[in-house]
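> Right, I'll just put the structure down here and ask away after.
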Amino acid sequence: MAGPKADPGARDPRFIRVEFPAPAVSGEGPFEHVALVTLDRPEVLNALNYRLLGELASSLEALDADEACHCVVITGAGERAFAAGADIKEMADQTPVGLTRKNHFARWERIKRVRTPLIAAVRGYALGGGCELAMACDMIVAADDAVFGQPEIRIGVMPGAGGTQRLARAIGKARAMELILTGDQLPAREAAALGLVTRVVPPEETLLAALRLAARVASMPPVAVLAAKEAVNRAFELSLEAGLEFERRNFFLLFASDDQKEGMAAFIEKRSPTWKGR
Ligand code: CAA
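Position in the sequence shown (from 1) plus 639 gives the number in my numbering.
Shown next, in the form of structure tokens:
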């Protein structure tokens, strides 16, 4: 299945490409149970206009509703950028009243609500909203030429789609504050050292590395994956006590699944498990 079928929620989709299952890359694949979603405005470094964000949210919601989809890789078209931020030309004339009434930024909440694991495959610039989108994903695989940053201060504003919150949580207050108040860029290797990205690879291997990681996640029992993702994300939102309680309830709940019985039986019988997703 490819493209529009996986994207029924978007009208006339143009700025997002959906391939499910993800196609072969460098002779490896296709990747069963993995979807590839491409931000497709390379002529403007995949700048995130409202329409692209709407198509992205709708595409992710459609994939999230598809039980066959176990993991999603999000990448940018071209070699220069994951995304160079919100579309400055579209934003320049906005007013507070218009922003409030139209509520385009609610699309970011829709992306946050996606339960299927999301992996960002980042080449080149991930700036402003592009950095915020990468951080809204569950893991980031970065090319060694990737740069992250929140340069909004240089155009008279500040991050508005999660940058102040997620960057500070990911790399700590001091460095996040420096990056947000200066607009400086954070190179991939330093981003990895600070814990923002899960691994750094040569640029031409970025997509394949992300798809391989996605395939490993997709091969795990899906209900346990959903429950574990939910619990890790609570670590950033709850007190330790409430988070531990949440974790324990999800852990107990998984004992109602066929996959728990299968996983433990397979271990004891020294064989590979066959997951049912139930
Ligand atoms: N919005 C709209 N268009 C953009 C864009 C953006 N964020 N970033 C790049 N483009 C466009 C450029 O206007 C240019 O288009 P034209 O050819 O029509 O002029 C094209 O993409 C290529 O860009 P450059 O010529 O600027 O390429 P470069 O190599 O000289 O510079 C760059 C690359 C450093 C990334 C530079 O493009 C840049 O600084 N971009 C803006 C980065 C930014 O400020 N992002 C934050 C946006 S605000 C935000 O994201 C708010 C939020 O939190 C939601």
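Heads up, the beta-carbon is just placed ideally off N, CA and C, and yes, glycines get one too.
Because the structure is a prediction, the values reported are computed rather than measured.
Relative to ligand 1, is the shortest distance from any of its heavy atoms to the C-beta of D768 smaller than 7 Å?
Per the sequence presented here, residue 768 reads as Gly, with Asp not at that position. Checking the Cβ of G768 against ligand 1 gives yes.
> Using three-state DSSP, classify V864 as helix, strand or coil.
Residue state, collapsed to three classes: helix.
> Write down the C-beta distance between A781 and R746 rounded to the nearest angstrom, noting that I regard them as a contact closer than 8 Å.
So it is not a contact: roughly 24 Å between Cβ atoms.
> So, is W914 buried or exposed, given that buried needs 16 or more other C-beta atoms within 10 angstroms?
Its Cβ being crowded by 16 or more others within 10 Å, W914 is buried.
> Straight-line CA distance for A809 to A674?
Distance between the alpha carbons of A809 and A674: 26 Å.
> For P826, list the residues DSSP reports as bridge partners.
Paired residues: V786.
> Ordered along the chain, which non-local residues of its own chain (more than five positions away) have a Cβ less than 6 Å from that of L691?
Only F654 meet the Cβ criterion.
> Using CA coordinates, which residue listed in V712, I758, N872, G724 is at the minimum distance from F787?
If we check each option's Cα against that of F787, G724 comes out closest.
> What's the C-alpha gap between G811 and I792?
One C-alpha to the other measures close to 19 Å.
> Return yes when the C-beta of K751 is under 7 Å from any heavy atom of ligand 1, and no when it is not.
For ligand 1, not one heavy atom lies less than 7 Å from the Cβ of K751.
> Measure the C-alpha to C-alpha separation of Q906 and D897 and round it to an integer number of angstroms.
First, the amino acid is wrong: residue 906 is Phe here, not Gln. The straight-line gap from Cα to Cα measures roughly 14 Å.
> Between which two residues does the beta strand (DSSP E) holding E658 run?
Where E658 is concerned, the enclosing beta strand (DSSP E) stretches over 655–658.
> So L883 and A866 are supposed to be a Cβ contact under 8 Å. How far apart are they, rounded?
Not a contact, Cβ separation roughly 15 Å.
> Please state the DSSP three-state secondary structure of G801.
Residue state, collapsed to three classes: coil.
> Between L879 and ligand 3, is there a pair consisting of the residue's CB and a ligand heavy atom that are separated by less than 7 Å?
Ligands displayed in this structure: ligand 1; ligand 3 is not among them.
> Got a sec: does ligand 1 put a non-hydrogen atom nearer than 7 Å to the Cβ of A723?
Correct: A723 has its Cβ closer than 7 Å to ligand 1.
> Using three-state DSSP, classify T739 as helix, strand or coil.
In this structure, T739 counts as helix in the three-state DSSP scheme.
> Please return the same chain residues whose Cβ sits closer than 8 Å to the Cβ of R851, not counting the five positions on each side in sequence.
Excluding sequence neighbours, R851 sits near E667.
> Taking Cβ positions, are C776 and I713 nearer each other than 8 Å?
Yes, the pair counts as a contact, with Cβ atoms nearer than the cut-off.
> Is E718 close to ligand 1? I mean its beta-carbon at under 7 Å from any heavy atom of the ligand.
No, ligand 1 has no heavy atom inside 7 Å of this Cβ.
> Can you find the residues in the same chain that come closer than 7 Å, C-beta to C-beta, to V839, ignoring five residues on each side of it along the sequence?
Answer for V839: A781, D783, A827, R828, A831, listed in chain order.
> Going by DSSP, what residues sit across from A720 in a beta bridge?
DSSP lists Y764 as partners of A720.
> May I ask you to report which of helix, strand or coil DSSP gives M778?
If DSSP states are grouped into helix, strand and coil, M778 belongs with the strands.
> Quick check: G715 and L678, are their CB atoms within less than 8 Å of each other?
For G715 and L678, yes; Cβs fall inside 8 Å.
> Could you check which residue in T821, M816, G795 has the C-alpha nearest to that of R805?
Answer by Cα proximity: M816.
> Measure the C-alpha to C-alpha separation of S698 and V657 and round it to an integer number of angstroms.
Using only the alpha carbons, I get a separation of about 7 Å.
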